[in-house]
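For the sequence shown, the residue numbers in my numbering are 7 to 507.
Reviewing the structure listed below.
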Amino acid sequence: MSFKESIIAKLWWFFKLEKRRYIIGILALSLVSVLNLIPPMVMGRVIDAITSGKLTNQMMLLNLVYLLLAALGMYYLRYVWRMYILATSYRLGQIMRSRLFEHFTKMSPSFYQKYRTGDLMAHATNDINSLTRLAGGGVMSAVDASITALVTLITMFFSISWQMTLVAVLPLPFMAFATSRLGRKTHKVFGESQAAFSELNNKVQESVSGIKVTKSFGYQEAELQSFQETNKMTFKKNMHTMKYDSLFDPLVLLFVGSSYVLTLLVGAFMIQANQITVGNLVTFITYLDMLVWPLMAIGFLFNITQRGNVSYQRIENLLEQESDVQDPAHPLPSIENGRLEYAIDRFAFEDEDTLRDIHFTLDKGQTLGLVGQTGSGKTSLVKLLLREHDVNQGAIYLNGHDIRDYRLSDLRSLMGYVPQDQFLFASSILDNVRFGNPDLSIDKVEEATKLAQVYEDIKAMPEGFETIIGEKGVSLSGGQKQRLAMSRAMILDPDILILDD
Numbered sequence: 007m008s009f010k011e012s013i014i015a016k017l018w019w020f021f022k023l024e025k026r027r028y029i030i031g032i033l034a035l036s037l038v039s040v041l042n043l044i045p046p047m048v049m050g051r052v053i054d055a056i057t058s059g060k061l062t063n064q065m066m067l068l069n070l071v072y073l074l075l076a077a078l079g080m081y082y083l084r085y086v087w088r089m090y091i092l093a094t095s096y097r098l099g100q101i102m103r104s105r106l107f108e109h110f111t112k113m114s115p116s117f118y119q120k121y122r123t124g125d126l127m128a129h130a131t132n133d134i135n136s137l138t139r140l141a142g143g144g145v146m147s148a149v150d151a152s153i154t155a156l157v158t159l160i161t162m163f164f165s166i167s168w169q170m171t172l173v174a175v176l177p178l179p180f181m182a183f184a185t186s187r188l189g190r191k192t193h194k195v196f197g198e199s200q201a202a203f204s205e206l207n208n209k210v211q212e213s214v215s216g217i218k219v220t221k222s223f224g225y226q227e228a229e230l231q232s233f234q235e236t237n238k239m240t241f242k243k244n245m246h247t248m249k250y251d252s253l254f255d256p257l258v259l260l261f262v263g264s265s266y267v268l269t270l271l272v273g274a275f276m277i278q279a280n281q282i283t284v285g286n287l288v289t290f291i292t293y294l295d296m297l298v299w300p301l302m303a304i305g306f307l308f309n310i311t312q313r314g315n316v317s318y319q320r321i322e323n324l325l326e327q328e329s330d331v332q333d334p335a336h337p338l339p340s341i342e343n344g345r346l347e348y349a350i351d352r353f354a355f356e357d358e359d360t361l362r363d364i365h366f367t368l369d370k371g372q373t374l375g376l377v378g379q380t381g382s383g384k385t386s387l388v389k390l391l392l393r394e395h396d397v398n399q400g401a402i403y404l405n406g407h408d409i410r411d412y413r414l415s416d417l418r419s420l421m422g423y424v425p426q427d428q429f430l431f432a433s434s435i436l437d438n439v440r441f442g443n444p445d446l447s448i449d450k451v452e453e454a455t456k457l458a459q460v461y462e463d464i465k466a467m468p469e470g471f472e473t474i475i476g477e478k479g480v481s482l483s484g485g486q487k488q489r490l491a492m493s494r495a496m497i498l499d500p501d502i503l504i505l506d507d
């Protein structure tokens, strides 16, 4: 994989955006790696002083001061890099969630028929969390492991013994080869695991939303069995992923153990030959122990990178989807209500003809009622006017202009729409009614609810307009929901009022 195809390259825009914070964090992390070298060095000197009988109180006190200063420095610098690397990574999550939500608001209904709610939730939570971990813990691991390994190896090579250093790193190329081979197998299983999580999210969301229907039909046992099957499938995918995930650490420790064995054998021989001291060997082994973290970080980093890569690709695939209803390249500068003309030759939904040869006009101020069999296309006529879909052949004209020549926001600003399936938010009645215009006065709200004949019902509730109605208006009757939805449309005083059923 080239750098351009890597997840680091894909997230480079974010690292550039937050480069100052990352630079400060990386500098702090680098200084921690350097300060980490002091304790083993002090320990080796003290051991040599003890074995030679040259340890004095002054020397011991001085070494303790070195250790104390190093500890205080590392304490402060660790706080800095956590604040400037780990905390900054949450900014990526904020940006990506904002992008996704903005994208969701721009998409047409066909997009939501292709992607289910649970799948979209998985993208906005699990996938973005994977990216956040990569931009935080992943960057920290990569930088810390690289710098720790570099400064430790240089110190081992030049200050103790270059021969022992070469022997100690002898197993590392074999470890790199093994982890690379293992890593190539992980990408696919991580993708399957993420897809399984989306499917589980879909199932939970669907089951909770339809719990009333499920219970009314006595379908609880069958629904539970269906959920258990989805849950079991997700568990199997996660266990398959964990099988590869769990191989990294033991594999790394196997090669680390080999380094210890080689170091002890060569170190013992060099002590006998008076080439190094016991203190040198203790310091060297301590440094070698410090190299365990960089080696372990390889496995951690590879896993988190693979997860991040899969998640980023899933999010990108979502963001690349374009709405099939777009604003015109050169929209009309203004819009006014006027004569409405339907001239539809053909409209097909999902390649199936829904409307053909629909032609009628409606002058400003006129009222039109449409009746027909279920599925005859009444709602489709409304959605075409709202431009939730576009006509395949023909057009709809407003004031003599094709409605596709207007901005979507301008066109929809003329309309108040009460759909068949009323949706109410889990907030107060007041917030629901003035959803389209939160700044409207309570007098306007009362006027609209009186017009929709729901005012008396609201006043009879314990909290009146401040009554919390629950998710999707669960505490209201069907008629109350419909009348609140009508109030929400009427309060806008729209030029065109559409009541669907």
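All C-beta atoms, glycine included, are put in the ideal place defined by N, C-alpha and C.
- Here serine 434 is bridged, per DSSP, to Ile474.
- Here the alpha carbon of aspartate 506 sits roughly 13 Å from the alpha carbon of glycine 381.
- Where leucine 92 is concerned, there is no enclosing beta strand (DSSP E), because DSSP gives it neither an H nor an E.
- Shortest Cα-Cα distance from valine 460 to any of Asp445, Met496 and Pro179 involves Met496.
- For valine 480, the three-state secondary structure derived from DSSP is coil.
- Shown here for methionine 276: same chain residues with a beta carbon closer than 6 Å to its own, the five before and five after excluded, namely Ile282 in chain order.
- Proximity of the stretch 41-53 to the stretch 14-22 falls short of the contact definition, fewer than three beta-carbon pairs being nearer than 8 Å.
- Counting only residues of its own chain and dropping the five nearest sequence neighbours on each side, aspartate 330 has a CB closer than 6 Å to the CB of Ser114 and Ser116.
- Listed as beta-bridge partners of tyrosine 403 by DSSP are Glu347 and Asp408.
- Between leucine 338 and tyrosine 412, the C-beta gap is smaller than 7 Å, which places the two residues in contact.
- Judged by DSSP secondary structure, histidine 365 falls within the beta strand (DSSP E) whose first and last residues are 358-368.
- Shown here for glutamine 278: not one same chain residue has a beta carbon closer than 7 Å to its own, the five before and five after excluded.
- When only Cα atoms are considered, asparagine 237 and glutamine 226 end up about 16 Å apart.
- Within the same chain, and ignoring the five residues on either side of aspartate 416 in sequence, the residues whose Cβ sits closer than 7 Å to its Cβ are Ile341.
- Under the 10 Å beta carbon count, lysine 120 is surrounded by fewer than 16 other beta carbons and is classified as exposed.
- Nearest C-alpha to leucine 391 among Asp351, Glu347, Arg362 and Val377: Glu347.
- Here the stretch 419-431 makes no contact with the stretch 135-147; the two share fewer than three CB pairs at distances below 8 Å.
- Taking C-beta atoms as the reference points, tyrosine 266 and methionine 162 fail to come closer than 7 Å.
- Taking 7 Å as the cut-off, the beta carbon of threonine 240 is found no closer than this to the beta carbon of alanine 174.
- Annotation: tyrosine 225 is outside any beta strand (DSSP E) and is labelled neither H nor E by DSSP.
- Assignment of leucine 417 by DSSP, reduced to helix, strand and coil, places it in the helix class.
- Rounded to whole angstroms, the Cβ separation of lysine 249 and phenylalanine 233 is 25 Å, and the two are not in contact under 8 Å.
- The three-state reading of DSSP puts phenylalanine 355 in strand, counting E and B together.
- The closest CA to that of tryptophan 168, considering only Gln488, Leu43, Phe290 and Gly79, is found on Phe290.
- Excluding its 5 nearest sequence neighbours in each direction, aspartate 295 has no C-beta neighbour in its own chain below 8 Å.
- When DSSP states are grouped into helix, strand and coil, valine 424 belongs to the strand group.
- For the set Val48, Asp369 and Val157, the Cα lying nearest the Cα of aspartate 501 is the one of Asp369.
- Pairing alanine 458 with arginine 489 gives a Cβ-Cβ distance under 7 Å.
- The shortest CA-to-CA distance from phenylalanine 107 to any of Thr123, Ala93 and Leu92 is the one to Thr123.
- DSSP assignment within the stretch 11-37 yields the following whole alpha helix (DSSP H) runs of 4 residues or more, N-terminal first: 13-16 and 18-23.
- Assignment of isoleucine 282 by DSSP, reduced to helix, strand and coil, places it in the coil class.
- In this structure leucine 75 does not touch leucine 37 by the C-beta definition: roughly 13 Å separates them, more than the 8 Å allowed.
- The beta carbons of tryptophan 87 and glycine 31 sit about 5 Å from each other, so the pair counts as a contact at 8 Å.
- Residues Val157 of the same chain have their beta carbon placed closer than 7 Å to that of valine 40, with the five preceding and five following residues left out of the count.
- Beta-bridge analysis with DSSP links leucine 338 to no other residue.
- Rounded to whole angstroms, the separation of the alpha carbons of leucine 301 and valine 262 is 8 Å.
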